[in-house]
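So the mapping is simple: this note's numbering equals the position in the sequence shown, first residue as 1, plus 2.
Glycine included, every Cβ here is placed at the ideal spot set by N, Cα and C.
The structure displayed is predicted, hence computed values, not measured ones.
Each remark here refers to the structure printed beneath this line.
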Amino acid sequence: MSGGEVELVDLVKRFAEVTAVDGITLNIPGGEFFSLLGPSGCGKTTTLRLIAGFEQPTEGKILLDGQDMAQTPPHRRNVNTVFQNYALFPFLNVQENVSFGLRYKDLPKQEVKRRVGDALALVRLEGMGKRRPSQLSGGQQQRVALARALVLNPAVLLLDEPLGALDAKLRKALQIELKALQETVGITFIYVTHDQEEALTMSDRMAVMSNGHVEQVGSPSEVYEEPANAYVADFLGASNLMPARADGRGADGRCRVRLGEFELAAARGHVDSRGDVKITIRPERVQLEDYGTPGENRLPGMVQRVVYVGSTVQLIVNLAPGQTVQASMQNQGGTLGFDQGTPVGVFLPPDALRVLASEDSDLHGNFSNRGATGSLAAGESTVPEVADGHGQERRHEHDRGQGVEGRRR
């Protein structure tokens with residue numbers, strides 16, 4: 003199987019007065035596992051349906067290996083789609099489901115049998131060809147849907163949240179399997195998901211979407227470590243996002259910002275001028291020390307809450323400047339030494355601190371207000387989501403002027 007390059011050029015899709023996809027331009031090389039990540043209503047599934055041919059673009063081009071397919075019907079595109087509900091025929095067995103698309107290829111029976119066998123072997127379903135879908139688990143049904151799509155040797159496989167109906171443990175296992183399968187067959191996978199962990203686990207590259215736009219494209223590590231704007235930082239994983247004041251760059255080239263009465267240094271930032279900004283740091287990069295420890299980027303704080311989540315412990319710390327920061331520490335066994343009400347020193351390493359343009363300032367680097375829909379009112383803030391001991395996520399909200407700024411979703 004060979005890969006196919008997909009290029010979207012100024013792609014627009016409108017439904018009456020609603021613009022679902024608004025000028026997207028992407029280049030996806032052949033053989034890449036590429037994810038479209040975003041919340042419900044961001045346009046990711048519409049983009050996938052445009053590539054598949056299930057929707058016609060209002061404007062723009064859809065190129066497959068350099069050929070514009072925007073007006074080509076779905077069955078004439080070398081593209082296949084796997085849906086969340088799998089759409090298996092209940093009255094056909096596994097072999098018949100997988101071979102269904104080959105019936106229209108006018109192939110010899112032996113060739114059909116060989117290709118079906120190869121496809122089932124790829125997804126590790128040898129010996130299950132005679133079973134009906136009702137006799138399979140959810141994970142096995144997902145594999146049948148993958149085999150049915152791959153047996154046609156598409157240049158591009160489109161996947162619309164195919165793991166969404168599975169339980170969490172099985173979903174994690176199949177993420178690894180799906181990435182390994184893509185590397186084996188070597189074709190382009192374009193994967194739609196709202197699940198950040200899925201995108202981070204499987205993608206070679208990913209596009210974070212909001213309101214029909216692409217906010218950032220990059221590898222999982224690039225997007226996670228170097229968010230282009232506050233929307234990306236807030237959406238992709240837990241993030242401490244706080245308003246601050248930029249003081250330009252120091253002689254060492256690092257960004258200088260003020261958080262309340264404290265001056266901080268940040269190794270990277272999207273702004274070079276003075277003015278209102280936001281600073282962000284991931285909870286796992288926040289370090290807690292003894293109270294009063296001197297040094298750069300060290301602030302006094304007090305532990306407000308300790309939440310045990312199994313492999314990690316999440317600590318919510320009130321900072322003296324009137325902000326709240328979340329720290330994530332690996333569970334090493336024993337006690338942490340940071341109980342509720344304990345004064346602590348909070349170290350924000352300069353290489354982990356990022357400066358982003360504020361949506362309310364004139365210092366916009368890559369940030370756009372289009373990602374700000376649903377953001378909190380001025381001065382209101384929340385602590386990032388943490389999980390309780392039963393694995394359930396919850397969001398701790400605080401009064402205006404307290405806590406890390408966030409976004410309700």
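Residue 15, enclosing beta strand (DSSP E) - first and last residue: The residue labelled residue 15 in the question sits at position 13 within the sequence shown. Boundaries of the beta strand (DSSP E) harbouring residue 15: 8-17, taken from the DSSP string.
Residue 106 burial status per 10 Å Cβ neighbour count (16 or more: buried): As a position in the sequence shown, residue 106 is number 104, starting the count at 1. Around the beta-carbon of residue 106, fewer than 16 other beta-carbon atoms lie within 10 Å, marking it exposed.
Three-state secondary structure assigned by DSSP to residue 355: Along the sequence shown, read from residue 1 onward, the residue named residue 355 stands at position 353. In the structure shown, residue 355 sits in coil (DSSP, three-state: anything other than H, G, I, E or B).
Bridge partner(s) assigned by DSSP for residue 21: Taking the first residue of the sequence shown as 1, we reach residue 21 at position 19. In DSSP, residue 21 forms a bridge with 16.
Helix, strand or coil at residue 304 [DSSP, three-state]: Counting from one through the sequence shown, the residue named residue 304 turns up at place 302. Looking at residue 304 - three-state DSSP - the assignment turns out to be strand.
Whole-angstrom distance between residue 76 and residue 133, CA atom to CA atom: Counting from one through the sequence shown, the residue named residue 133 turns up at place 131. Counting from one through the sequence shown, the residue named residue 76 turns up at place 74. Residue 133 and residue 76 have their C-alpha atoms roughly 30 angstroms apart.
Nearest neighbour of residue 355, chosen from 279, 340, 323 and 10 [CA to CA]: In the sequence shown, counting from the first residue as 1, residue 355 sits at position 353. Closest option to residue 355, Cα to Cα, is 279.
Bridge-paired residues (DSSP) for residue 230: Translated into the one-based positions of the sequence shown, residue 230 becomes position 228. BP columns for residue 230 are empty, so no partner.
Where the beta strand (DSSP E) containing residue 347 begins and where it ends: Within the sequence shown, residue 347 is the residue found at index 345, counting from 1. Counting along the chain, residue 347 sits inside the beta strand (DSSP E) bounded by residues 345-349.
Alpha-carbon spacing of residue 425 relative to residue 146, whole angstroms: Since the displayed the chain opens at 3 and closes at 411, residue 425 lies outside it and no answer follows.
Reduced DSSP secondary structure (H/G/I, E/B, other) of residue 99: By 1-based counting over the sequence shown, the position of residue 99 is 97. The answer is helix: DSSP assigns residue 99 an H, G or I state.
Counterpart residues of residue 36 in DSSP-defined beta bridges: The residue you call residue 36 lines up with position 34 of the sequence shown. According to DSSP, residue 36 bridges with 192 and 207.
Residues sharing a beta bridge with residue 245, DSSP: Here residue 245 is taken as the residue at index 243 of the sequence shown, counted from 1. Its beta-bridge partners are 280.
Segment contact flag, the region 6-16 with the region 45-64, C-beta cutoff 8 angstroms, min 3 pairs: Here the region 6-16 makes contact with the region 45-64; the two share three or more CB pairs at distances below 8 angstroms.
Inter-stretch contact at 8 angstroms, needing at least 3 Cβ pairs: the region 96-104 / the region 57-65: The region 96-104, when compared against the region 57-65, does not touch it at the 8 angstroms Cβ threshold.
Integer Cβ distance of residue 316 from residue 309, believed to fall under 8 angstroms: Along the sequence shown, read from residue 1 onward, the residue named residue 316 stands at position 314. Along the sequence shown, read from residue 1 onward, the residue named residue 309 stands at position 307. Sure, about 4 angstroms apart at Cβ, within 8 angstroms.
First through last residue of the beta strand (DSSP E) which encompasses residue 297: Here residue 297 refers to the residue found at position 295 of the sequence shown. Taken as a continuous stretch (DSSP letters only), residue 297 belongs to no beta strand (DSSP E), as it is neither H nor E.
Length-filtered (3 minimum) beta strand (DSSP E) runs lying within the region 114-166: For the region 114-166, whole beta strand (DSSP E) runs of length 3 or above, ordered along the chain, are 158-162.
Sheet register partners of residue 330 (DSSP bridge): Along the sequence shown, read from residue 1 onward, the residue named residue 330 stands at position 328. The secondary-structure analysis by DSSP pairs residue 330 across a beta bridge with 316.
Three-state secondary structure assigned by DSSP to residue 216: The residue labelled residue 216 in the question sits at position 214 within the sequence shown. Three-state result, residue 216: strand.
Residue 171, enclosing alpha helix (DSSP H) - first and last residue: Taking the sequence shown and counting its residues from 1, one reaches residue 171 at position 169. Counting along the chain, the unbroken alpha helix (DSSP H) around residue 171 starts and ends at 170-187.
Range covered by the beta strand (DSSP E) that runs through residue 65: One-based indexing of the sequence shown puts residue 65 at position 63. That run of the beta strand (DSSP E) goes 61-66.
DSSP-derived helix/strand/coil call for residue 264: For this step, residue 264 is matched to residue 262 along the sequence shown. If DSSP states are grouped into helix, strand and coil, residue 264 belongs with the strands.
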